[in-house]
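Have a look at the structure below, then the notes.
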Amino acid sequence: MKKKIAADLTSLAHRILQMKNKEDIHELQSVAKELYEKLTILSFTEKHFGDVQPTAGTVEVQEKIEEAFTAAQEDVESVTQEVEQAMENAKSNAEDAFANPDLSDLFVPADQDTREEIELPGISTIHKMVDEFPEEEIEIDFPKPTYEKNDMEDLTSGYENMPEFERKINNQTEKGQSINDRLKTGLKIGMNDRIGFIKHLFNGSDQDYNRVLSQLNTMESKLAAQNFITSMVKPDYNNWLGKDAYVERFMQIVEAKFD
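Just so you know, we're using the numbering used here here: the sequence shown kicks off at 44 and counts up by one.
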């Protein structure tokens, strides 16, 4: 393993020395990266497998690497200096151009202008047509607005002889409390009773509780309400077994509505 890595390092060192295009920074960077990876592997093998020595000596490999890096560094510095010098020259030329602006080339005197005047086809014809148009006054007749008569007499014509109706007064008075009066009163349930009924009789469901009360408020008699609770409500909630105290209180309030 170490022999192969040492051989690869030697090959990379010779490759750097024999590079023709040493100004290619990207190629030098790629080779240097590969060289660094090989050195890392070699360092790891010597650290953990120090007893086995590579065929090419470590000192020789390091000398080759140092020589290759020195040559690459000199090439990079040379290229960098050339780029900086080119940028400096470009900057100096730009400053000179702005310091002494010469715009004479942009303006040509009229007597020295040799350019031919180009006339677009059809322009002269349009000018002639405009000059030949007769100047006439155009009269426009606007229609006069018409107004329709909108008197109240015309609107109410035909309704003069409408029959008169007399309001019929119902003198019959209901005796006692009517069914509608009972429905208006509704079930009167306190807050504590409401909470207890929802929790123990309707399995904690506000919707079920409100639905049952809404139906009870439409009942016309105590018997109808009792039959509704017994046959329709209680079976849905296990017949309210073990809830005798709440059942008794609930029935008292329902029956009191019809008293």
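We treat Cβ as the ideally placed atom computed from N, Cα and C, and that holds for glycine.
In this text, all values refer to a predicted model and were calculated from it rather than measured experimentally.
Give every residue of the same chain whose Cβ lies closer than 7 Å to the Cβ of residue i, excluding the five residues on either side of it in the sequence, and list them in chain order.
i    : result
V276 : V255
A267 : none
N214 : No answer about N214 holds up, because its pLDDT of 47 lies below 50 and its placement is not dependable.
Measure from the alpha carbon of residue i to the alpha carbon of each residue in the options, then state which is nearest.
i   : options                 : result
A75 : K90, E89, L244 and D51  : D51
H57 : K46, H69, I68 and L78   : L78
K46 : I84, I68, K134 and S257 : I84
Whole angstroms is fine: what's the gap from residue i's alpha carbon to residue j's?
i    : j    : result
L244 : D302 : 24 Å
I222 : K286 : Low local confidence applies: a pLDDT of 46 at I222 is under 50, so the model's placement there is unreliable, and no value is given.
N132 : Q124 : 12 Å
W283 : F293 : 11 Å
F240 : Y252 : 8 Å
Q250 : N270 : 21 Å
M234 : E291 : 17 Å
S274 : E263 : 17 Å
R237 : S257 : 14 Å
M130 : D139 : 14 Å
Q128 : N136 : 12 Å
S248 : P278 : 16 Å
K265 : K242 : 25 Å
S338 : K134 : Absent from the model: residue 338. The displayed extent of the chain is 44 to 302, so no value can be given.
S86  : I68  : 26 Å
When the distance is taken between beta carbons, is residue j closer than 8 Å to residue i?
i    : j    : result
Y289 : N246 : no
I59  : T88  : no
I272 : I232 : no
K90  : L55  : no
Near residue i, what residues of its chain come up, given a Cβ to Cβ distance below 6 Å and the 5 sequence neighbours on each side ignored?
i    : result
A299 : none
4-residue-minimum alpha helix (DSSP H) runs that sit fully inside the region 230-281, ordered along the chain | If we require 4 residues or more, the alpha helix (DSSP H) runs fully inside the region 230-281 come out as 234-244, 249-259 and 265-271.
Enumerate, from N- to C-terminal direction, the unbroken beta strand (DSSP E) stretches of 3 or more residues contained entirely within the region 54-82.
-> Listed in chain order, the beta strand (DSSP E) runs fully inside the region 54-82 amount to none, counting runs of at least 3 residues.
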